[in-house]
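Numbering (our numbering), first residue to last: -13 to 278.
Don't be surprised by glycine CBs; every beta carbon is placed ideally from N, CA and C.
Right, one structure below, let's go through it.
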């Protein structure tokens, strides 16, 4: 169970006691499993409901989960047509999560799988009256074997989880499954890499500077962006057929005024925030099979 500190934060900032009724047992389990969540109140810089929280730990690999949980806690109500999967999706199945267990210092257990996201979305549509389900897909660059080899040569006394937190390379997309009819769904992919390339001036310079601070390790020849993104999208389309598909990335309404578009991680969460607040309408993202 979350600590009294988080319960107090929920009451003061979100205006609800724990556990809030808008979450089911699956969502609560994912929110409560992360030991970092009880300490979020000490790191919040931007209070809700004016904007998503930005913490000092800008690039911890699991910071995306903190943001997703907090956005969901602040903006999802019992009657919201939207649901947010509170854990980033990093693997297609449980076996992938197991393979990364040692390389991540056991942190892979805090990531979801594609199978879990599909089951979650199906339940949201069939049993909870939801019409839009969002998931952040968090691609881990490299392979577990190569990461462990890199750790053996570069750990400098750090634990596996500490080394992974500092050296992990990630890519992010957001997939939105939108129910538009009986067993008919639009699948929309927000590509944070496309949006990042459209940043100019100071924002782009800040993004480059922050990324340059991270320790990088050449883990493997990287899988081209379009390969893993298309693979995820095609799997979602097979599970939720019948509608349009769309892939794109812009600084949409509800995102431009946010002060923290510093990386693909934050760009993805800004997109989730814009949809959760209603400042961006999912129907604005249209067209069949286009990259915009």
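- Taking a contact as a CB-CB distance under 8 Å, the pair residue 54 and residue 74 counts as one, their CB atoms being some 7 Å apart.
- Beta-bridge partners of residue 69 (DSSP): 119.
- DSSP places residue 138 inside the alpha helix (DSSP H), whose first and last residues are 130 to 140.
- Contact check for residue 174 and residue 268: beta-carbon distance about 7 Å, within the 8 Å limit, so the pair qualifies.
- In the DSSP annotation of this structure, the continuous segment of the alpha helix (DSSP H) that includes residue 257 starts and ends at 250 to 263.
- When Cβ pairs closer than 8 Å are counted between the two stretches, the segment 160 to 175 is seen not to touch the segment 139 to 150, the count staying below three.
- Residue 164: member of the beta strand (DSSP E) spanning 156 to 167, first to last residue.
- The criterion of a C-beta distance shorter than 8 Å is not satisfied by residue 162 and residue 235.
- Residue 75: not part of any alpha helix (DSSP H); member of the beta strand (DSSP E) spanning 75 to 77, first to last residue.
- In this structure, DSSP gives residue 63 a state outside helix and strand, which the three-state scheme calls coil.
- Residue 71 sits away from residue 214, with the two beta carbons spaced by 8 Å or more.
- The beta carbon of residue 144 sits closer than 7 Å to no other beta carbon from its chain once the five residues preceding and following it are set aside.
- Only residues of its own chain outside the window of five on either side were considered, and among them 166, 170, 171, 172 have a CB closer than 6 Å to the CB of residue 229, listed in chain order.
- When DSSP reads this structure, residue 124 sits in a beta bridge with 158.
- When the Cα atoms are used, residue 64 and residue 9 turn out to be separated by approximately 8 Å.
- Under the three-state reduction of DSSP output, residue 105 falls in the helix class.
- If you draw a 10 Å sphere on the C-beta of residue 61, you find 16 or more other C-beta atoms in it, and that means buried.
- Taking 8 Å as the cut-off, the Cβ atoms of residue 14 and residue 7 do not count as close.
- Cα atoms of residue 271 and residue 159: separation of roughly 15 Å, rounded to the nearest angstrom.
- C-alpha of residue 107 to C-alpha of residue 82: approximately 20 Å in a straight line.
- Residue 98 is bridged by DSSP to 75.
- When DSSP states are grouped into helix, strand and coil, residue 86 belongs to the coil group.
- Rounded to whole angstroms, the gap between the alpha carbons of residue 220 and residue 77 is 15 Å.
- Excluding the 5 residues flanking it on each side, residue 85 has same chain C-beta neighbours closer than 6 Å at 130, in chain order.
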